[in-house]
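In my numbering, the protein residues as written are 436 to 826.
Cβ atoms here follow ideal geometry from the backbone N, Cα and C, with glycine treated the same way.
Please read all numbers here as calculations on a predicted model, not as lab measurements.
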Amino acid sequence: MLVLEAKLKGKTEQCSLIDEAIRTALFCRNKALRYWMDNRGADRYDLNKFMAVLAKEFEFANRLNSQARQSSAERAWSGIARFFDNCKKKIAGKKGYPQFKKRGHSVEYKQTGWKLSEDRKYLTLTDGFKIGRLKLIGSRDLNFYQIEQIKRVRLVRRADGYYAQFCVDVDRREEIEPSKTTIGLDVGLNHFYTDSNGQVVDNPRYLRKSERQLKKLQRKVSKRKKGSANRKKTIKQLARKHLQVSRQRKDFAVKTARCVVRSNDLIAYEDLQVRNMVKNHKLAKSISDVSWSMFRDWVEYFGKVFGKVTVAVPPHYTSQNCSHCGKQVIKTLSQRTHCCLHCGTVLDRDHNAALNILASGLNRVGHTQINACGEFDLCQVDVSLLGKLSH
């Protein structure tokens, strides 16, 4: 599934109608969740049937396209299914019991309620809200795909305007020449990552760099009178700045992950539990700013696109064990150099961890935790590197 996004340009009245459709979709989602709570044993099909009852009961809900109401019910069920899945896996701590939402940011249509113009530059919404024709602004050309391939259209509200996302049913595969190299990645806060070759990528720290401007805007919001036009205007400025930071993070993660995957046939990385790591309040902001989880998601995605092997390695003792002799060398977080008293190896702490991650990743090839897409031939790996890691 490929998601193509374009910005929407319309009149003020049309934007207000989009907001109303988003609020209605949120109402349907919350009502579906309430129905599940009140009717023990209800499944996803019962929630879909309840949407028809809801449309008869509330006139404004009937204005929303029937399949859009079903999409809202599916959103509610996805939260319910995730809760059941966490309970089955016996995940420690809270299991994520589904909650009611106060704010919505999108409404999703399936294959009805919308229509594209012949030149694919205009989107017309045809449900009961009568939003009408909206212009699509973007660099992605929808003419490459058939209308039947577009399975869903999602309207998204952001701080800088409204966007349309088109979910296209297409299998994205790209053929590239094998690089015959492998790499291990150790992510960190001092550097974004250090690889098994000793190369480092600096941590961009987008939030830290924008923190001064964010604090200034936050102070302006606090000084404005509640409910005033100036306060709403300043809140929008603050939201746009946060949106800029999030886009910078995503752009960096996508480009870095793509470069790493294209340059190597096997990528090994740590299977970090970021959700538990951010419980450390002294490091939570820095960990969230570096976006390890987003980087990992894009590495796995591009691994599927380019047919490369990505391996998630348990992070236990990757920093403590010596990459040359395998002996354990206890180090504190402040010690940035690995000095082995057994074999005399002296390496940067992160470089040593990256070598351990790569060795563990090569050992795990073929096991269930590998995310392999296509065949991987170990003969393609540099023989000298394998010999170095076998010590």
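Endpoints, the beta strand (DSSP E) within which residue i is located
i, result
"threonine 745", "744-748"
"glutamine 600", "596-603"
"glycine 557", "It is worth fixing the name first, because residue 557 is tyrosine in this sequence and not glycine. Taken as a continuous stretch (DSSP letters only), the beta strand (DSSP E) holding tyrosine 557 covers 557-560."
"valine 622", "617-622"
"phenylalanine 579", "Note, phenylalanine 579: premise wrong, no beta strand (DSSP E); not H, not E."
Endpoints, alpha helix (DSSP H) assigned at residue i
i, result
"glutamine 708", "It is not in any alpha helix (DSSP H) - glutamine 708 carries neither H nor E in the DSSP assignment."
"aspartate 454", "447-473"
"serine 541", "Where serine 541 is concerned, there is no enclosing alpha helix (DSSP H), although the beta strand (DSSP E) it sits in stretches over 541-544."
"phenylalanine 493", "Where phenylalanine 493 is concerned, there is no enclosing alpha helix (DSSP H), given that its DSSP letter is neither H nor E."
"glutamate 553", "From DSSP, glutamate 553 is part of no alpha helix (DSSP H); its letter is neither H nor E."
"leucine 678", "664-698"
"lysine 644", "641-658"
"tyrosine 752", "Unbroken run through tyrosine 752: none, as it is neither H nor E."
Cβ-Cβ separation, residue j to residue i (assumed contact under 8 Å), whole Å
i, j, result
"leucine 482", "alanine 467", "5 Å"
"lysine 444", "lysine 570", "4 Å"
"leucine 652", "leucine 673", "4 Å"
"arginine 592", "isoleucine 722", "Not a contact, Cβ separation roughly 28 Å."
"glutamate 455", "phenylalanine 564", "6 Å"
"threonine 629", "aspartate 621", "5 Å"
"valine 695", "valine 744", "About 13 Å separates the two Cβ atoms, so there is no contact after all."
Outcome for residue i when other beta-carbon atoms lying within 10 angstroms are tallied against a minimum of 16
i, result
"valine 747", "The sequence shown places alanine at residue 747, rather than the valine named in the question. Buried is the call here."
"methionine 472", "exposed"
"serine 758", "buried"
"cysteine 827", "Residue 827 lies beyond the range of the chain shown here (436 to 826); nothing can be said about it."
"isoleucine 453", "buried"
"aspartate 562", "buried"
"leucine 718", "exposed"
"proline 749", "exposed"
"tyrosine 532", "exposed"
"asparagine 798", "exposed"
"asparagine 787", "buried"
"tyrosine 515", "Per the sequence shown, the amino acid found at residue 515 is isoleucine instead of tyrosine. Its Cβ being crowded by 16 or more others within 10 Å, isoleucine 515 is buried."
"serine 631", "buried"
"cysteine 775", "buried"
"leucine 437", "exposed"
Under 8 Å between C-beta atoms of residue i and residue j
i, j, result
"histidine 777", "lysine 766", "no"
"methionine 729", "lysine 690", "no"
"isoleucine 611", "arginine 710", "no"
is_contact[residue i, chain B] using C-beta, thresh 8 Å
i, result
"leucine 620", "The displayed structure is made up of one protein chain only, and chain B is not part of it."
Beta-bridge pairing of residue i - partner residues as DSSP gives them
i, result
"cysteine 774", "Val781"
"glutamate 509", "In DSSP, glutamate 509 forms no bridge with anything."
"lysine 442", "Ile572, Tyr598"
"leucine 590", "Val542, Ala599"
"valine 635", "Thr629"
Residue i CB to nearest heavy atom of the ligand SAM below 7 Å
i, result
"cysteine 775", "The model depicted lacks the ligand SAM and carries no ligand whatsoever."
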